[in-house]
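Peer 1: Below is a structure I'd like to ask you about.
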Amino acid sequence: RQMDPAAMRALVDALGSDPRAMAGALAQLLSDVPGRVTVEDVHRYQAGRVEASGYDVADAAVAGEAAKALTLTRHAFVTGVAPQLLVAALAMKFRAMAKASIGGNAAALKMAPWQIDRARRDLRGWSDHSLAGAFEAIATADEETKGASRDPQRAVEKAVITICRLRGR
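Residue numbers 1 to 169, in full-length UniProt numbering, belong to the letters of the sequence shown in order.
Next comes the structure, spelled out in structure tokens:
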């Protein structure tokens, strides 16, 4: 049997590095699809599932893209990313931005030059006040994902929404 290269990429995009999910999806595709497996077949069976990391979520939230950030958050949950990992990625992103906002060189900030450049680009659209609000939302989500809430996924979603709303204020 054969599979189009685009179909392979779509399957990896949907399932990422989960070997069990990949084996199951391949078995299903090979048993249900006659002939060559195409990207359309993969899309039909995976129904838009995408592997998303905490960094993807953090990037979208920092950009203020609420719909994208929430979609990626939900995809991350579906693919097994723990709520605490999403909060940690948000915290790392905003810590880097806060460090870059005070100025200084790479050695003084203990960051690689490319990290400083990225953090400074991310700072566009963020004031000191909005950064403080983002840190507050992250701290609340951190507490809630570690037992203070019965719904840690909802806690992350609330933080993502809050962060997206803070951009540009």
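The beta carbon of each residue, even a glycine, is placed where N, CA and C say it ideally should be. Fair warning: this is a prediction, and the values are worked out from it, not measured in the lab.
Is R120 near A100, with beta carbons less than 7 angstroms apart?
Peer 2: yes
Peer 1: Quick one: measure Cβ to Cβ for G104 and G168, integer angstroms, because I've assumed they're closer than 8 angstroms.
Peer 2: That belief does not hold up - the Cβ atoms of G104 and G168 are roughly 26 angstroms apart, past 8 angstroms.
Peer 1: Give the DSSP-derived three-state secondary structure of M3 in the structure shown.
Peer 2: strand
Peer 1: I'd like to confirm the pairing. Which residues does DSSP put opposite V37 in its beta bridges?
Peer 2: M3
Peer 1: Leaving out five residues on either side along the sequence, give the residues of the same chain with a beta carbon under 6 angstroms from the beta carbon of P83.
Peer 2: T145, P152, Q153, V156
Peer 1: Cβ atoms of K93 and A137: under 7 angstroms apart, would you say?
Peer 2: no
Peer 1: Does the stretch 37-45 touch the stretch 2-11, meaning 3 or more C-beta pairs lie closer than 8 angstroms?
Peer 2: yes
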